[in-house]
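The next block holds one structure in the form of structure tokens; read it before the comments.
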Amino acid sequence: MTSTPNKDAFCPWASIYTPLDRTPSQVRFIEILPCDTEEDDVSCVLKVAELGPDTRYAALSYVWGDPEVTKDIIVNGIMLPVTTNLESALRQFRKTGFPKGCLEDIGEITQLWVDAICINQKDTKERNHQLTLMASIYNNATSVLSWLGLPDENHHDLQFQTIRELMCALALSTGNLNTLSKTLLVSGDNRN
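The sequence shown maps to residues 1134 to 1325 in this note's numbering.
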């Protein structure tokens, strides 16, 4: 079920973001809310959390695409424009959940870190502080998802499948399941 966005409050950054403590480890995550129909706007809530070894979340790395071409999502009940590629990733994750790839033991993950949403881009001090945490955010993520976009005539399922298989094989052969295999290539297909 999605919430009704406040259409009169289009992207009032201050009302979406509560201030973060300038502690070295406070970040925001989003949780994607369920929907009634696939056509519903993507809706999510922001949650403040401490970044730590027991914090379970996925971090999203994605191709931004054209910053001038956007779609609206709903964050904390407020409309927020994001790149179309980010909106399609969030829409896909809402539909299928976060893919596990070759990580069978990661369990259920409900929190997602996305730089464009989880960092208040209008607050220069916060943005600069959060940029110093990015390596830790990606390194400590339970899973890192690499979104390349929805399939089209330039994306071939076989190429995506081959890359997935190579990543899993490399992770298994090196024994580095803790870092390499938690990075997962994702396209808009329905395979996990």
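For each residue, glycine too, the CB sits at the ideal point set by N, CA and C.
These numbers were taken from a predicted model, which means no experiment stands behind them.
Fewer than three Cβ pairs drawn from the region 1253-1260 and the region 1268-1279 lie within less than 8 angstroms of each other, which leaves the two stretches out of contact. Linking Cys1251 to Thr1243 through their CA atoms gives a straight-line distance of about 15 angstroms.
The beta carbons of Ala1274 and Tyr1190 sit about 6 angstroms from each other, so the pair counts as a contact at 8 angstroms. Shown here, Tyr1271 sits in a helix according to DSSP, grouped into three states. Where Asp1205 is concerned, the enclosing beta strand (DSSP E) starts and stops at Thr1203 to Val1208. Leu1193 is bridged by DSSP to Leu1278.
In the three-state DSSP reduction, Gln1244 falls in the coil class, being neither helix nor strand.
Annotation: Lys1228 is outside any beta strand (DSSP E); the continuous alpha helix (DSSP H) that includes it extends over Thr1217 to Thr1229. Of the candidates Leu1193, Ser1148 and Leu1245, Ser1148 places its Cα closest to the Cα of Leu1213. Between the C-alpha atoms of Tyr1150 and Pro1284 there is a straight-line separation of about 33 angstroms.
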